[in-house]
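K.L.:
Residue numbers (my numbering): 2 to 233.
Pasting the structure below:
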């Protein structure tokens with residue numbers, strides 16, 4: 002019987018949802034970045050339990066990091082369709098903001114705020130309740146993610162290639178969270194993810210950050226500022 006799964010999702014790899022509480026994919030804006038697809042190894046990395054543990058450690062480090070990033074999300078469907086989104090994300094734990102696809106979501110000062118477009122196309126912001134302690138949210142995400150990649154019931158086999166990790170689906174899963182195959186790359190200096198690619202039957206989602214700063218400003222985390230900049 003196929004299993005189903007929901008849980009922590011890479012923040013920008015899930016850009017079409019712009020969901021608060023997931024992980025953000027960022028990249029350093031340096032010469033030669035982002036790497037071309039040809040830079041990826043032609044041979045898949047060897048999988049191991051040690052690689053899964055390193056992947057979990059890299060993911061948690063990214064959740065606890067402080068940064069701001071602007072990224073480009075591209076979805077190419079099996080039918081040939083294409084969707085491109087620009088996403089701004091800032092994180093200064095426990096505060097976090099994501100803006101893109103005409104929506105802004107934020108966690109600020111222990112409260113959650115969401116801004117969505119009304120019938121007139123103008124984004125209106127409203128309180129969405131209090132937020133749990135940030136450490137609790139991180140711990141829950143990590144517990145769920147660990148079940149995906151560790152133990153006999155793990156959905157994915159994990160192999161690492163330097164600062165990148167490849168996931169390959171090993172069980173029958175309804176709506177696998179990271180598709181049939183996925184690749185996540187992390188920045189060695191900051192711990193922030195620098196690239197994500199998720200291959201599903203219906204298409205491929207790819208997110209590559211185009212700029213990053215280590216210290217978000219108050220403007221980067223201001224929902225009103227990013228509400229005004231969303232397309233209508």
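Yeah, the Cβ is synthetic: ideal placement off N, Cα and C, and Gly gets one too.
Per DSSP, what are the beta-bridge partners of residue 185 in this structure?
P.N.:
Walking along the chain shown from the start, residue 185 turns up at place 184. DSSP output for residue 185 lists 166, 197 as bridge partner(s).
K.L.:
Helix, strand or coil: which one does DSSP assign to residue 190?
P.N.:
In the chain shown, residue 190 corresponds to position 189, counting from 1. Coil, per DSSP.
K.L.:
From residue 224 to residue 99, what distance separates their C-alpha atoms?
P.N.:
On the chain shown, position 223 is the one that residue 224 refers to. On the chain shown, position 98 is the one that residue 99 refers to. Spanning the two alpha carbons is a distance of roughly 9 Å.
K.L.:
How should residue 106 be labelled, buried or exposed, when 16 other C-beta atoms within 10 angstroms of its C-beta is the threshold for buried?
P.N.:
In the chain shown, the residue the question calls residue 106 occupies position 105. Residue 106 is buried by the Cβ-count criterion.
K.L.:
Residue range of the beta strand (DSSP E) that residue 124 falls in?
P.N.:
Against the chain shown, residue 124 aligns to sequence position 123. Its beta strand (DSSP E) spans residues 124 to 131.
K.L.:
If I measure Cβ to Cβ from residue 41 and keep anything under 6 Å in the same chain, skipping five residues before and after, which residues do I get?
P.N.:
Position 40 of the chain shown, counted from the start, is the residue given in the question as residue 41. Because the pLDDT of residue 41 is 46, which lies under 50, any placement of that residue in the model is unreliable, and the number read from its coordinates should be weighed accordingly. Closer than 6 Å at the Cβ level, and outside the excluded window around residue 41, lies no residue.
K.L.:
Residue 190: buried (16+ other C-beta within 10 angstroms of its C-beta) or exposed?
P.N.:
Counting from one through the chain shown, the residue named residue 190 turns up at place 189. Exposed is the call here.
K.L.:
Output yes or no for whether 9 Å exceeds the beta carbon distance between residue 156 and residue 178.
P.N.:
Here residue 156 refers to the residue found at position 155 of the chain shown. Here residue 178 refers to the residue found at position 177 of the chain shown. Cβ distance < 9 Å, so residue 156 and residue 178 count as in contact.
K.L.:
The alpha helix (DSSP H) that contains residue 54, what's its start and end?
P.N.:
Translated into positions along the chain shown, residue 54 becomes position 53. It spans 50 to 64 - the alpha helix (DSSP H) in which residue 54 sits, taken as one unbroken run.
K.L.:
Which class does residue 151 belong to by DSSP, given the choice of helix, strand or coil?
P.N.:
Your numbering for residue 151 matches position 150 in the chain shown. Reduced to three states, the DSSP call for residue 151 is coil.
K.L.:
Using CA coordinates, which residue listed in 185, 158, 163 is at the minimum distance from residue 172?
P.N.:
The residue labelled residue 172 in the question sits at position 171 within the chain shown. That would be 158, whose Cα lies nearest to the Cα of residue 172.
K.L.:
What did DSSP end up calling residue 145 once you bin it into helix, strand or coil?
P.N.:
Against the chain shown, residue 145 aligns to sequence position 144. The answer is helix: DSSP assigns residue 145 an H, G or I state.
K.L.:
To the nearest angstrom, how far is it from the Cα of residue 116 to the Cα of residue 89?
P.N.:
Position 115 of the chain shown holds residue 116. Position 88 of the chain shown holds residue 89. Going by the C-alpha atoms only, they are around 14 Å apart.
K.L.:
So, for residue 130: in the same chain, excluding its five sequence neighbours on each side, which residues have a beta-carbon less than 7 Å away from its beta-carbon?
P.N.:
Taking the chain shown and counting its residues from 1, the one referred to as residue 130 is at position 129. Answer for residue 130: 113, listed in chain order.
K.L.:
Using a 10 Å radius around the Cβ and a threshold of 16 neighbouring Cβ atoms, would you call residue 81 buried or exposed?
P.N.:
Counting from 1 along the chain shown, the entry for residue 81 is found at position 80. Residue 81 comes out exposed.
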